[in-house]
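Only one structure is covered here, and it is reproduced in the block below.
Numbering (the numbering used here), first residue to last: 73 to 563.
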């Protein structure tokens, strides 16, 4: 009997590791911010782009990042968004809430977003806000903004000038006089003409923290402390926010809201083993998904992967087909694609329908590769090349970024920004060959005759993988008539 229960606890613990990964990743993200001195409602802005000093799952040096955590425990919060951003808001289990910016309801011109916590029954405005109800009492806002003339500084200033966070006060902006006198929605302060115009004044800016060069770690733990993070999150958030099946796996190993998580010596041993198995499983699913999963974007003969275009943002419904006649939903079989969910959360942060929408000219799309043409893992001590055919399908720009295969964060080398692409910042733009192809080289040293912008440095003794990004992707990406070459060893 003991052997059976030991096995059952091990199974539940591995299940909890794989299926609660998104929430633990979010909790690790917030803990990393707090450890770096960035409090809730502070805003990290990478005014000269993120670099490898920050460990962030597949973060990149392509855009000006801005990130903040919102605390709704005291009531609804207002976020005034600056224009021309590509952003998302997720809850504490990395569930999608809304996409402020270009793919969102404000269409990139900016606007006021009102975030309402679970259980809130107070008055809300009649209009003037994009109102979003959340499942959790904390949220993350992750935003990106694009260069202007190969210069990030005016972009960072635009974010600082336009981004505002403040507590919503019922009865002010968004509520009419008629609603106040007939519905009793008066603000909890002296009612005067000055009160009436108070919300039209400029709110104070939040505290902005420079993210470029900032050293912090937001990567989820891979050992038994993973379960401590999970416990902290479960105790911090409403029980209704968590999927009952995932909550069941956590409860089976002693993680239940309102009860202390105190595993005994037997359970600690099981949790340690389960974390090791769970991490190895998640890494295998991320690096070597089985062909049947559908993650091989260009077919099983290619190493390039994109699991979201097979599973959809909910990991259950493949993305709809968007045509000039409208949107054609894709049927679902009703089954959650658990392996593709693990694939995504082990490699990335954040989720949105925009991440898996085949709509040209909007958002961004990515493909990952973890092996060369022959299926061999990528070795930081060897030299490789990637040939990109002409007419790379990105209306805004494209990039290729290299990551450490252990941290899944940008590879830290003397080059500093491990990227190549069509932008001329923060490194020179890649130069196309006479035939229109663009060749990116990877290796410890830049080969003779290779332009600086066409080489990404790797490190001997460190494994790596690239992510190829297309900003404002074009139709040839979605119909796969354009296809990148495979990574080839040139040693």
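Beta carbons are placed, not taken as given, at the ideal position from N, Cα and C, and that holds for glycine.
#1: With distances taken from CA atoms, which of 431, 417, 191 is nearest residue 466?
#2: Could you tell me whether the stretch 250-259 touches the stretch 89-96, where touching means 3 or more Cβ pairs closer than 8 Å?
#3: From residue 522 to residue 529, what distance separates their C-alpha atoms?
#4: What did DSSP end up calling residue 564 once you bin it into helix, strand or coil?
#5: Take residue 240 as the anchor and find which of 292, 406, 185, 482 has the nearest alpha-carbon.
#6: Buried or exposed, going by whether 16 or more other CB atoms sit within 10 Å of the CB of residue 274?
#7: Considering Cα atoms alone, identify which of 470, 358, 144, 503 is closest to residue 218.
#8: Counting only the same chain and skipping the five closest in sequence on each side, list residues whose C-beta sits under 7 Å from that of residue 104.
#9: With burial defined as no fewer than 16 other Cβ atoms inside 10 Å of the residue's Cβ, what is the status of residue 495: buried or exposed?
#10: With a threshold of 16 other CB atoms inside 10 Å of the CB of residue 538, please say whether the residue is buried or exposed.
#11: Buried or exposed: residue 159, going by 16 or more other Cβ atoms within 10 Å of its Cβ?
#12: Here's the rule: buried if 16 or more other CB atoms are within 10 angstroms of the residue's CB, otherwise exposed. What is residue 221?
#13: Quick check: residue 295 and residue 210, are their CB atoms within less than 9 Å of each other?
#14: Taking residue 276 as the reference, which of 394, 232, 319 has the closest Cα?
#15: What would DSSP say about residue 510, mapped onto helix, strand or coil?
#16: Is the beta carbon of residue 161 sitting closer than 9 Å to the one on residue 187?
#17: To the nearest angstrom, how far is it from the Cα of residue 438 to the Cα of residue 338?
#18: Over what stretch of residues does the beta strand (DSSP E) that includes residue 140 continue unbroken?
#19: Let me know if residue 540 comes out buried or exposed under the rule of 16 or more other beta-carbons within 10 Å of its beta-carbon.
#20: Under 8 Å: do the stretch 132-150 and the stretch 404-421 share three or more Cβ pairs, one atom per stretch?
#21: Using 8 Å as the cut-off, can you tell me whether the stretch 448-467 makes contact with the stretch 538-557, which would need three or more C-beta pairs spanning the two stretches below that distance?
#22: What does the Cβ neighbour count give for residue 311, buried or exposed, with the cut at 16 atoms within 10 Å?
#23: Where do the N-terminal and C-terminal ends of the alpha helix (DSSP H) with residue 78 fall, by residue?
#24: Taking the C-alpha atoms as reference points, what is the distance between residue 429 and residue 393?
#25: Ignoring anything shorter than 3 residues or poking outside the stretch 165-198, list the beta strand (DSSP E) runs there in chain order.
#26: Should residue 514 and residue 456 be called a contact, given that it needs their Cβ atoms to be closer than 9 Å?
#27: Which partner residues does residue 109 have in the DSSP bridge list?
#28: Output yes or no for whether 9 Å exceeds the beta carbon distance between residue 368 and residue 380.
#29: Using C-beta distances below 6 Å, list every residue in its chain close to residue 293, excluding the 5 sequence neighbours before and after it, in chain order.
#30: Classify residue 371 as buried or exposed, calling it buried when 16 or more other Cβ atoms lie within 10 Å of its own Cβ.
#31: Hey, would you say residue 321 sits closer than 9 Å to residue 85, going by beta carbons?
#32: Considering residue 424, what are the terminal residues of the alpha helix (DSSP H) in which it resides?
#33: Compare the Cα-Cα distances from residue 525 to each of 487, 555, 506, 265 and report the closest residue.
#34: Work out the CA separation of residue 203 and residue 443 for me, nearest whole Å.
#35: Buried or exposed: where does residue 110 fall if 16 or more other Cβ atoms within 10 Å of its Cβ makes it buried?
In brief:
#1: On the chain shown, position 394 is the one that residue 466 refers to. Of 431, 417, 191, the residue nearest in Cα terms is 431.
#2: no
#3: Taking the chain shown and counting its residues from 1, one reaches residue 522 at position 450. Taking the chain shown and counting its residues from 1, one reaches residue 529 at position 457. Using only the alpha carbons, I get a separation of about 12 Å.
#4: Any property of residue 564 remains undetermined from this structure, which presents the chain solely from 73 to 563.
#5: Locating residue 240 in the chain shown gives position 168, where the first residue counts as 1. Nearest option by C-alpha distance: 185.
#6: As a position in the chain shown, residue 274 is number 202, starting the count at 1. It is exposed - the Cβ of residue 274 has fewer than 16 other Cβ atoms within 10 Å.
#7: For this step, residue 218 is matched to residue 146 along the chain shown. With distances taken between Cα atoms, residue 218 lies closest to 470.
#8: What you label residue 104 is simply residue 32 of the chain shown in a count that begins at 1. Excluding residues within five positions, the ones whose Cβ falls inside 7 Å are 288, 289, 290.
#9: As a first step, residue 495 is located in the chain shown; it is residue number 423 there, counting from the start. Buried, since its Cβ has 16 or more Cβ neighbours within 10 Å.
#10: For the purposes of this step, residue 538 is identified with residue 466 of the chain shown, where counting begins at 1. Classification for residue 538: buried.
#11: In the chain shown, counting from the first residue as 1, residue 159 sits at position 87. Burial call: buried.
#12: Looking up residue 221 in the chain shown gives position 149. Result: exposed.
#13: What you label residue 295 is simply residue 223 of the chain shown in a count that begins at 1. What you label residue 210 is simply residue 138 of the chain shown in a count that begins at 1. Taking 9 Å as the Cβ cut-off, residue 295 and residue 210 do not qualify as a contacting pair.
#14: Taking the chain shown and counting its residues from 1, the one referred to as residue 276 is at position 204. Looking at the Cα atoms, 232 is the closest of the given residues.
#15: Here the question's residue 510 lines up with position 438 in the chain shown. Note: residue 510 maps to strand in three-state DSSP.
#16: Translated into the one-based positions of the chain shown, residue 161 becomes position 89. Translated into the one-based positions of the chain shown, residue 187 becomes position 115. In this structure, residue 187 lies closer than 9 Å to residue 161 by Cβ.
#17: By one-based count along the chain shown, residue 438 stands at place 366. By one-based count along the chain shown, residue 338 stands at place 266. Taking the straight line from one Cα to the other gives about 43 Å.
#18: For the purposes of this step, residue 140 is taken as residue 68 along the chain shown, with counting starting at 1. 136-143 is the extent of the beta strand (DSSP E) around residue 140.
#19: Working through the chain shown from its first residue, we reach residue 540 at position 468. Residue 540 is buried by the Cβ-count criterion.
#20: no
#21: yes
#22: In the chain shown, residue 311 corresponds to position 239, counting from 1. Exposed, because fewer than 16 other Cβ atoms sit within 10 Å of the Cβ of residue 311.
#23: The residue given as residue 78 occupies position 6 in the chain shown. Taken as a continuous stretch (DSSP letters only), the alpha helix (DSSP H) holding residue 78 covers 74-91.
#24: The residue you call residue 429 lines up with position 357 of the chain shown. The residue you call residue 393 lines up with position 321 of the chain shown. Distance between the alpha carbons of residue 429 and residue 393: 8 Å.
#25: 168-170, 183-188
#26: One-based indexing of the chain shown puts residue 514 at position 442. One-based indexing of the chain shown puts residue 456 at position 384. Against a cut-off of 9 Å, the Cβ pair of residue 456 and residue 514 comes out as a contact.
#27: Here residue 109 corresponds to residue number 37 of the chain shown, with the count starting at 1. In the DSSP output, where bridge partners are listed per residue, residue 109 has none listed.
#28: Here residue 368 is taken as the residue at index 296 of the chain shown, counted from 1. Here residue 380 is taken as the residue at index 308 of the chain shown, counted from 1. It is not a contact, given that the beta carbons lie outside the stated cut-off.
#29: What you label residue 293 is simply residue 221 of the chain shown in a count that begins at 1. Here the set comprises nothing.
#30: The sequence position of residue 371 within the chain shown is 299, counting from 1. Exposed, by the Cβ-count rule.
#31: For this step, residue 321 is matched to residue 249 along the chain shown. For this step, residue 85 is matched to residue 13 along the chain shown. In this structure, residue 85 lies closer than 9 Å to residue 321 by Cβ.
#32: What you label residue 424 is simply residue 352 of the chain shown in a count that begins at 1. Taken as a continuous stretch (DSSP letters only), residue 424 belongs to no alpha helix (DSSP H), as it is neither H nor E.
#33: On the chain shown, residue 525 is found 453 positions in, with the first residue counted as 1. Out of 487, 555, 506, 265, 487 has the C-alpha closest to the C-alpha of residue 525.
#34: Counting from one through the chain shown, the residue named residue 443 turns up at place 371. Counting from one through the chain shown, the residue named residue 203 turns up at place 131. Roughly 44 Å between the two C-alpha positions.
#35: Counting from one through the chain shown, the residue named residue 110 turns up at place 38. Buried, because 16 or more other Cβ atoms sit within 10 Å of the Cβ of residue 110.
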